[in-house]
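Number of protein chains: 2
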Amino acid sequence: MLRSIVRISRVCQSLGSLPYVQTQLGHPAVRTMSTLPWPFNSAPRDFSLPNSSWSSEMTRLYEHYNSQCEVETEDGEKQRGPWRRLPSYNRSLKYAKGGVYLSKFVQSKARLFTRNIKTAGAAFEYVMFINKEEQRSVCIFQAGHLLEGPPGHVHGGAIATMIDSVTGTHATYLSGPVMTANLNINYRSPIPLGSTVLLESCMDKKEGRKTFISCKVTSADSSKLHTEATALFLSVSVSHLLGM
Amino acid sequence: MLRSIVRISRVCQSLGSLPYVQTQLGHPAVRTMSTLPWPFNSAPRDFSLPNSSWSSEMTRLYEHYNSQCEVETEDGEKQRGPWRRLPSYNRSLKYAKGGVYLSKFVQSKARLFTRNIKTAGAAFEYVMFINKEEQRSVCIFQAGHLLEGPPGHVHGGAIATMIDSVTGTHATYLSGPVMTANLNINYRSPIPLGSTVLLESCMDKKEGRKTFISCKVTSADSSKLHTEATALFLSVSVSHLLGM
Numbered sequence: 001m002l003r004s005i006v007r008i009s010r011v012c013q014s015l016g017s018l019p020y021v022q023t024q025l026g027h028p029a030v031r032t033m034s035t036l037p038w039p040f041n042s043a044p045r046d047f048s049l050p051n052s053s054w055s056s057e058m059t060r061l062y063e064h065y066n067s068q069c070e071v072e073t074e075d076g077e078k079q080r081g082p083w084r085r086l087p088s089y090n091r092s093l094k095y096a097k098g099g100v101y102l103s104k105f106v107q108s109k110a111r112l113f114t115r116n117i118k119t120a121g122a123a124f125e126y127v128m129f130i131n132k133e134e135q136r137s138v139c140i141f142q143a144g145h146l147l148e149g150p151p152g153h154v155h156g157g158a159i160a161t162m163i164d165s166v167t168g169t170h171a172t173y174l175s176g177p178v179m180t181a182n183l184n185i186n187y188r189s190p191i192p193l194g195s196t197v198l199l200e201s202c203m204d205k206k207e208g209r210k211t212f213i214s215c216k217v218t219s220a221d222s223s224k225l226h227t228e229a230t231a232l233f234l235s236v237s238v239s240h241l242l243g244m
Numbered sequence: 001m002l003r004s005i006v007r008i009s010r011v012c013q014s015l016g017s018l019p020y021v022q023t024q025l026g027h028p029a030v031r032t033m034s035t036l037p038w039p040f041n042s043a044p045r046d047f048s049l050p051n052s053s054w055s056s057e058m059t060r061l062y063e064h065y066n067s068q069c070e071v072e073t074e075d076g077e078k079q080r081g082p083w084r085r086l087p088s089y090n091r092s093l094k095y096a097k098g099g100v101y102l103s104k105f106v107q108s109k110a111r112l113f114t115r116n117i118k119t120a121g122a123a124f125e126y127v128m129f130i131n132k133e134e135q136r137s138v139c140i141f142q143a144g145h146l147l148e149g150p151p152g153h154v155h156g157g158a159i160a161t162m163i164d165s166v167t168g169t170h171a172t173y174l175s176g177p178v179m180t181a182n183l184n185i186n187y188r189s190p191i192p193l194g195s196t197v198l199l200e201s202c203m204d205k206k207e208g209r210k211t212f213i214s215c216k217v218t219s220a221d222s223s224k225l226h227t228e229a230t231a232l233f234l235s236v237s238v239s240h241l242l243g244m
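So the protein sequences, as listed, match chains A and B.
Position one of the first sequence corresponds to residue 1 (UniProt numbering), numbered consecutively onward.
Position one of the second sequence corresponds to residue 1 (UniProt numbering), numbered consecutively onward.
1. Please report the straight-line C-alpha distance between residue 114 of chain B and residue 212 of chain B, rounded to a whole angstrom.
2. For residue 148 of chain B, return the contacting residues in chain A, with the cut-off set at a CB-CB distance below 7 Å.
3. Measure from the C-beta of residue 116 of chain B to each C-beta in chain A and report whether the shortest distance is under 8 Å.
4. For my contact list, residue 48 of chain A and residue 85 of chain A are in at a C-beta cut-off of 8 Å; report their separation, rounded to the angstrom.
5. To the nearest angstrom, how far is the alpha carbon of residue 92 of chain A from that of residue 151 of chain B?
6. Would you report the Cα separation of residue 24 of chain B and residue 103 of chain A, rounded to the nearest angstrom?
7. Any idea which residues DSSP pairs residue 118 of chain B with across the strands?
8. Using 8 Å as the limit for Cβ to Cβ distance, is residue 49 of chain B near chain A?
9. Evaluate residue 204 of chain B with the Cβ neighbour count: other Cβ atoms within 10 Å of its Cβ, from every protein chain shown; 16 or more gives buried, anything less gives exposed.
10. How far does the alpha helix (DSSP H) with residue 226 of chain A in it reach, from first residue to last?
11. Do you know whose CA, among A:147, A:171, A:129, A:189, lies nearest residue 121 of chain A's CA?
12. Quick one: grab the DSSP three-state call for residue 220 of chain A.
13. Just the Cα atoms here: how many angstroms apart are residue 20 of chain A and residue 90 of chain A?
14. Name, please, each residue of chain B whose Cβ falls closer than 7 Å to the Cβ of residue 180 of chain A.
15. Compare the beta carbon distance of residue 161 of chain A and residue 153 of chain B with 8 Å and say whether it is the shorter of the two.
16. Just checking: is the beta-carbon of residue 204 of chain B within a distance shorter than 8 Å of some beta-carbon in chain A?
17. Am I right that residue 202 of chain A and residue 163 of chain A are in contact with their C-beta atoms under 8 Å? What's the rounded C-beta distance?
18. Exposed or buried, residue 218 of chain A, counting other C-beta atoms within 10 Å across all chains shown (16 or more means buried)?
19. How would you list, in chain order, the residues of chain B whose beta-carbon sits under 8 Å from the beta-carbon of residue 46 of chain A?
20. Could you check if residue 116 of chain B is buried or exposed, using at least 16 other CB atoms within 10 Å of its CB as the buried criterion?
21. Cβ closer than 7 Å: which chain A residues qualify as neighbours of residue 106 of chain B?
22. Step through the CB atoms of chain B and report whether any lies within less than 8 Å of the CB of residue 164 of chain A.
23. Would you mind reading off the limits of the alpha helix (DSSP H) that contains residue 65 of chain B?
24. On the three-state DSSP scale, how would you describe residue 170 of chain B?
25. For residue 201 of chain A, write down the residues that DSSP places opposite it in a beta bridge.
26. For residue 261 of chain B, decide whether its Cβ has a neighbour in chain A, counting only Cβ atoms nearer than 8 Å.
27. Apart from the five residues on each side of it in sequence, which residues of its chain come closer than 7 Å, Cβ to Cβ, to residue 53 of chain A?
28. List the DSSP bridge partners of residue 123 of chain A.
29. Taking C-beta pairs closer than 9 Å, name the residues in chain A that residue 123 of chain B reaches, listed in chain order.
30. Can you tell me which residues form a DSSP beta bridge with residue 142 of chain A?
31. Does the distance from the C-beta atom of residue 182 of chain B to that of residue 229 of chain B stay below 8 Å?
32. Can you tell me which of B:233, B:144, B:81 puts its alpha carbon nearest to the alpha carbon of residue 58 of chain B?
33. With DSSP run on the structure shown, which of helix, strand or coil describes residue 159 of chain B?
34. Just to check my reading of the structure: residue 141 of chain A and residue 180 of chain A have Cβ atoms closer than 8 Å, yes? What is that Cβ distance to the nearest angstrom?
35. Whose C-alpha, out of B:110, B:77, B:171, B:237, is nearest the C-alpha of residue 137 of chain B?
36. Please go through the same chain and pick out, in chain order, the residues whose beta-carbon is closer than 6 Å to the beta-carbon of residue 46 of chain A, but skip the five residues on each side of it.
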């Protein structure tokens with residue numbers, strides 16, 4: 001078990017962040033390492049890379065931020081740029097006990113909520129970038145046809161899911177393992193199914209164990225505000241990650 | 001189109017509620033008639049009825065509330081009880097235009113977010129009951145293995161999705177067509193994957209176009225509080241439902 005913890009810590013350090021971490025604590029909702037590679041699979045699929053379902057707008061935005069992950073110096077040398085792309089996988093850690101009620105069957109088939117549809121383009125297509133210096137993140141999100149709530153528009157719960165995922169990953173990047181304690185979401189205008197939107201999050205403040213993040217969901221050209229939210233996360237120890 | 005509106009109104013009246021309604025308005029997030037039967041299909045599947053994936057706890061709670069939908073008088077006559085079961089379908093209305101960016105392809109394949117997984121038990125299994133006299137509702141929710149966030153636990157976004165669905169349906173029952181304007185969610189303790197929980201909502205107040213609902217998510221025996229939330233909905237006209 002100790003080796004597992006060490007391995008997790010190393011992977012986290014190599015990513016430069018702890019994409020979010022949750023367990024059973026008897027208090028605020030827990031976060032998991034949703035973007036951590038599944039350690040028993042030598043070649044996990046990274047869902048944050050372009051596929052044929054991506055719209056031209058989604059691809060253009062991806063290329064815009066991806067090009068700033070590596071920049072050239074005046075001497076022509078390549079070096080790390082201001083942005084970093086975060087990978088995204090379809091499972092979180094299996095180390096944790098996963099709740100007293102959880103059967104082995106359920107645990108073995110579990111899948112990250114945003115990655116539970118295998119068909120490309122049908123549900124959540126997204127990629128997230130982090131700007132360490134400015135302590136902000138951006139997520140490019142294309143909403144598939146299986147996310148419907150209002151006729152022709154994205155379900156409020158699917159929007160909340162993306163806000164939780166993005167702000168939680170961002171908070172973990174800033175503060176290490178965290179749990180979601182509060183999400184406060186104001187819905188301003190509906191998002192048409194099939195469209196590409198931007199989720200931009202920034203850190204408001206840190207106070208002890210608390211990390212406060214705010215998030216805006218806008219149209220791809222940032223001209224229209226769809227949703228805005230604040231989120232509060234509580235830091236937890238690594239042992240919580242393992243359900244110990 | 002007028003005939004469509006009349007038909008929709010009749011269906012809504014026959015249900016005794018307008019399970020939630022949303023369109024594109026350029027302001028707060030819209031709600032749809034998520035539990036309205038698809039009018040072009042003569043035998044839509046009602047997903048709120050028991051299936052083989054339901055746990056014994058889910059089935060027991062269903063039978064408890066379902067038995068109170070019809071009661072016997074002292075004379076042995078049957079009459080409507082205090083509770084009503086609400087059906088749940090996998091599509092919302094197709095009448096609405098569905099957003100300026102929406103292609104016919106996307107629109108034709110769209111599916112209600114909570115019903116986007118066909119395998120029974122894999123994702124959202126739920127049934128909702130309304131108590132008209134007490135103006136409260138209860139939803140029995142079994143969280144499948146594809147809703148994972150934290151290792152072995154339900155994703156915060158999936159919990160938000162159920163809260164949005166339940167409070168939105170409740171608000172529509174009380175106030176007619178509404179849109180979600182705000183969700184404020186406090187996560188108190190994580191929900192193990194595979195477990196059955198209760199979502200209980202009650203109306204706090206109505207002020208003009210605003211309906212305020214609060215919601216608690218607890219363990220099946222109500223002993224443990226998992227999540228609590230408040231939600232604000234704005235009433236809209238029926239024409240908004242059609243994207244006019």
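Ideal Cβ positions, reconstructed from N, Cα and C, are used throughout, including at glycine.
Computed from a predicted structure; not experimentally measured.
Taking the structure as given:
1. Whole-angstrom Cα-Cα distance: 23 Å.
2. Residues of chain A passing the Cβ test: 92, 110, 111, 112, 113.
3. Yes, because at least one Cβ of chain A sits closer than 8 Å to the Cβ of residue 116 of chain B.
4. Rounded, the Cβ-Cβ distance is 6 Å, consistent with contact.
5. Going by the C-alpha atoms only, they are around 6 Å apart.
6. No answer about residue 24 of chain B holds up, because its pLDDT of 34 lies below 50 and its placement is not dependable.
7. Residue pairing by DSSP leaves residue 118 of chain B without any beta bridge partner.
8. Residue-level contact by beta carbon fails for residue 49 of chain B and chain A, as no gap is shorter than 8 Å.
9. That one is exposed.
10. Note, residue 226 of chain A: premise wrong, no alpha helix (DSSP H); beta strand (DSSP E) at 225-235.
11. The shortest Cα separation from residue 121 of chain A among A:147, A:171, A:129, A:189 belongs to A:147.
12. Residue 220 of chain A: coil per DSSP, three-state reduction.
13. The pLDDT assigned to residue 20 of chain A is 41, lower than 50, so where the model puts this residue is not dependable; a value taken from the coordinates is nonetheless given after this. Going by C-alpha positions, residue 20 of chain A is about 14 Å away from residue 90 of chain A.
14. Within chain B, 156, 187 have C-beta atoms less than 7 Å from the C-beta of residue 180 of chain A, given in sequence order.
15. Contact flag unset, no.
16. Interface flag for residue 204 of chain B against chain A is unset, since no Cβ pair is found closer than 8 Å.
17. So it is not a contact: roughly 13 Å between Cβ atoms.
18. Buried, because 16 or more other Cβ atoms sit within 10 Å of the Cβ of residue 218 of chain A.
19. Going along chain B, no residue has its Cβ under 8 Å from residue 46 of chain A, so there is no contact; the nearest lies around 18 Å.
20. Buried: at least 16 other Cβ atoms inside 10 Å.
21. Neighbours of residue 106 of chain B in chain A, taken as residues at a C-beta separation under 7 Å, are given in chain order as 145, 193, 194.
22. Residue 164 of chain A has a beta carbon lying within less than 8 Å of a beta carbon in chain B.
23. It spans 56-66 - the alpha helix (DSSP H) in which residue 65 of chain B sits, taken as one unbroken run.
24. Of the three classes helix, strand and coil, the one that applies to residue 170 of chain B here is helix, per DSSP.
25. Checking the DSSP bridge columns, you'll see residue 201 of chain A partnered with A:137, A:215.
26. Outside the shown range of chain B (1 to 244) lies residue 261 of chain B, about which nothing can therefore be said.
27. Only residues of its own chain outside the window of five on either side were considered, and among them 120, 121, 125 have a CB closer than 7 Å to the CB of residue 53 of chain A, listed in chain order.
28. DSSP lists no beta-bridge partner residue for residue 123 of chain A.
29. At a C-beta separation below 9 Å, residue 123 of chain B has these neighbours in chain A: 113, 116.
30. Residue pairing by DSSP puts residue 142 of chain A in a beta bridge opposite A:125, A:196.
31. For residue 182 of chain B and residue 229 of chain B, no; Cβs fall outside 8 Å.
32. Out of B:233, B:144, B:81, the CA that lies nearest to the CA of residue 58 of chain B is found in B:144.
33. DSSP places residue 159 of chain B in helix when its eight states are reduced to three.
34. Contact check for residue 141 of chain A and residue 180 of chain A: beta-carbon distance about 19 Å, past the 8 Å limit, so the pair fails to qualify.
35. For residue 137 of chain B, the nearest C-alpha among the options comes from B:171.
36. Cβ neighbours of residue 46 of chain A beyond the five flanking positions: 87.
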